[in-house]
Amino acid sequence: MVTRLDPEMFDPMCPSSAMPFQIGDKWTGMVVLCLEGGPRRFTEIRVPLRAVTPKVLTQTLRAMERDGLVVRTAYPENPPRVEYDLTALGRSLLTLIEAARAWSRDHLPALLAAREAHVPRT
């Protein structure tokens, strides 16, 4: 017998409600991987993320900075230079991202086969 879900399991006061949503978005994990080796400039991050628009990458980096995952350092030079680096909190995501990548490597064929075989309800 399956236990019913508690309707209050997502109480607004629960710490899980403070989780930053962008951890699961399309770009944050990739930005974390881009910064794994150390600080990078915006244009360096864009190279492997060529499909992301500058606007979306800027939004992602700002959200990551807000959540304490990256630190933005602006250097007083001409021309201006800005670098992004992972914080300890951001670096802690590397283990989670690697686990997700390993799961994907192991299970992607089965996942794609299930999607292919799925018949939508009408």
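Using UniProt numbering, you'd call the opening residue of the sequence shown number 1 and step up by one each time. Note that the Cβ used here is the ideal one computed from N, Cα and C, for glycine as well.
Determine the direct distance from the alpha carbon of residue j to that of residue i, and round the result to whole angstroms.
i    : j    : result
E65  : T122 : 44 Å
T87  : L35  : 10 Å
A114 : S104 : 14 Å
V119 : H107 : 20 Å
S92  : T43  : 24 Å
P54  : A100 : 26 Å
L112 : Y75  : 46 Å
Could you give the DSSP three-state label for residue i: helix, strand or coil?
i    : result
R121 : coil
F21  : Low confidence applies here, because F21 scores a pLDDT of 41, under 50, leaving its location unreliable; read the following figure in that light. Three-state DSSP puts F21 in a helix.
T58  : helix
R41  : strand
T53  : coil
Which residue marks the beginning of the beta strand (DSSP E) containing residue i, and which one marks its end?
i   : result
R81 : 81-86
T28 : No beta strand (DSSP E) holds T28; the alpha helix (DSSP H) holding it covers 28-35.
Between the Cα of residue i and those of the options, spot the shortest distance and give me the residue it belongs to.
i   : options             : result
L94 : R41, V56, E83, V70  : V70
R81 : Q59, T28, R40       : R40
V52 : D25, S92, G37       : D25
G90 : L61, T43, E77, A110 : L61
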